[in-house]
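Report on one structure; see the data block that follows.
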Amino acid sequence: MTPSSANHGPAMPGGKAGALRNRLLLPATVGILTLMFFVAAGWYLSSARFQAQVRAYVIVHLQRATGGRVELGAFQWNLSQLQFEARNLTIRGR
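Be aware that the sequence shown starts at 25, since it is given in the numbering used here, and climbs by one per residue.
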(Lines of atoms letter the chains of each structure in order from A and count residues from 1; the text may use other names and numbers.)
(Lines give C-alpha, C1' and ligand atoms only; values in the text may rest on other atoms or scores of the structure.)
Protein backbone atom coordinates (compact mmCIF):
# COMPACT_ATOMS: atom_id res chain seq x y z
CA MET A 1 0.00 0.00 0.00
CA THR A 2 1.46 3.30 -1.00
CA PRO A 3 0.94 6.43 1.12
CA SER A 4 -1.03 8.18 -1.61
CA SER A 5 -3.54 5.32 -2.01
CA ALA A 6 -4.10 4.95 1.74
CA ASN A 7 -5.75 8.39 2.03
CA HIS A 8 -8.27 7.80 -0.74
CA GLY A 9 -11.25 5.48 -0.40
CA PRO A 10 -12.72 3.48 -3.22
CA ALA A 11 -13.90 5.49 -6.20
CA MET A 12 -17.63 6.28 -6.15
CA PRO A 13 -19.35 5.50 -9.44
CA GLY A 14 -21.29 8.40 -10.93
CA GLY A 15 -19.63 11.08 -8.82
CA LYS A 16 -20.12 13.78 -11.46
CA ALA A 17 -23.72 12.75 -12.11
CA GLY A 18 -24.53 12.95 -8.39
CA ALA A 19 -22.99 16.41 -8.11
CA LEU A 20 -24.95 17.58 -11.15
CA ARG A 21 -28.17 16.19 -9.70
CA ASN A 22 -27.54 17.97 -6.39
CA ARG A 23 -26.84 21.26 -8.19
CA LEU A 24 -30.09 21.03 -10.17
CA LEU A 25 -32.28 19.82 -7.31
CA LEU A 26 -32.49 23.13 -5.42
CA PRO A 27 -33.35 25.37 -8.41
CA ALA A 28 -35.91 22.83 -9.65
CA THR A 29 -37.53 22.65 -6.22
CA VAL A 30 -37.63 26.45 -5.93
CA GLY A 31 -39.13 26.71 -9.41
CA ILE A 32 -41.84 24.15 -8.67
CA LEU A 33 -42.71 25.82 -5.36
CA THR A 34 -42.87 29.24 -7.05
CA LEU A 35 -45.19 27.89 -9.73
CA MET A 36 -47.41 26.30 -7.08
CA PHE A 37 -47.54 29.61 -5.20
CA PHE A 38 -48.72 31.52 -8.27
CA VAL A 39 -51.33 28.90 -9.12
CA ALA A 40 -52.68 28.99 -5.55
CA ALA A 41 -52.65 32.81 -5.49
CA GLY A 42 -54.53 32.96 -8.81
CA TRP A 43 -57.10 30.49 -7.53
CA TYR A 44 -57.63 32.48 -4.31
CA LEU A 45 -57.82 35.87 -6.05
CA SER A 46 -60.58 34.57 -8.30
CA SER A 47 -62.56 32.94 -5.47
CA ALA A 48 -65.93 34.19 -4.23
CA ARG A 49 -64.52 34.62 -0.72
CA PHE A 50 -61.86 37.07 -1.87
CA GLN A 51 -64.37 39.00 -3.99
CA ALA A 52 -66.64 39.34 -0.95
CA GLN A 53 -63.71 40.67 1.09
CA VAL A 54 -62.86 43.24 -1.59
CA ARG A 55 -66.53 44.28 -1.83
CA ALA A 56 -66.65 44.83 1.96
CA TYR A 57 -63.38 46.80 1.79
CA VAL A 58 -64.77 49.07 -0.94
CA ILE A 59 -67.98 49.67 1.04
CA VAL A 60 -66.07 50.63 4.20
CA HIS A 61 -63.80 53.06 2.37
CA LEU A 62 -66.67 54.65 0.44
CA GLN A 63 -68.54 55.17 3.72
CA ARG A 64 -65.48 56.82 5.27
CA ALA A 65 -64.93 59.03 2.24
CA THR A 66 -68.52 60.20 1.85
CA GLY A 67 -69.84 60.02 5.39
CA GLY A 68 -72.97 58.29 4.13
CA ARG A 69 -74.35 54.78 4.13
CA VAL A 70 -73.22 52.76 1.12
CA GLU A 71 -75.04 49.90 -0.57
CA LEU A 72 -73.15 48.00 -3.24
CA GLY A 73 -74.88 45.25 -5.17
CA ALA A 74 -71.82 43.80 -6.91
CA PHE A 75 -68.20 44.70 -7.41
CA GLN A 76 -66.23 42.93 -10.13
CA TRP A 77 -62.86 43.46 -11.70
CA ASN A 78 -60.70 42.33 -14.56
CA LEU A 79 -57.06 43.01 -13.72
CA SER A 80 -55.74 42.02 -17.13
CA GLN A 81 -57.69 44.95 -18.65
CA LEU A 82 -57.63 47.12 -15.48
CA GLN A 83 -61.42 47.32 -15.43
CA PHE A 84 -63.52 47.68 -12.27
CA GLU A 85 -67.31 47.60 -12.25
CA ALA A 86 -69.62 48.53 -9.39
CA ARG A 87 -73.29 47.63 -9.84
CA ASN A 88 -76.23 49.01 -7.88
CA LEU A 89 -74.13 51.54 -5.98
CA THR A 90 -76.23 53.72 -3.67
CA ILE A 91 -74.83 56.29 -1.24
CA ARG A 92 -77.36 57.68 1.25
CA GLY A 93 -76.73 60.52 3.63
CA ARG A 94 -74.69 63.66 3.34
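Glycine included, every Cβ here is placed at the ideal spot set by N, Cα and C.
- The bridge partners DSSP lists for R116 are R93.
- F99 sits buried, since 16 or more C-beta atoms from the chains shown fall within 10 Å of its C-beta.
- When secondary structure is reduced to three states using DSSP, Q105 falls in the coil class, being assigned neither helix nor strand.
- A distance below 9 Å separates the beta carbons of G117 and G91.
- One thing to note: L96 has its Cβ no nearer than 9 Å to the Cβ of L69.
- Setting aside the 5 residues that flank it on each side, R111 is surrounded in the same chain by G97 and A98, each with a C-beta closer than 7 Å to its C-beta; the list follows chain order.
- The beta-carbon distance between R93 and Q87, rounded to whole angstroms, is 7 Å. This is short enough to meet the 8 Å contact definition.
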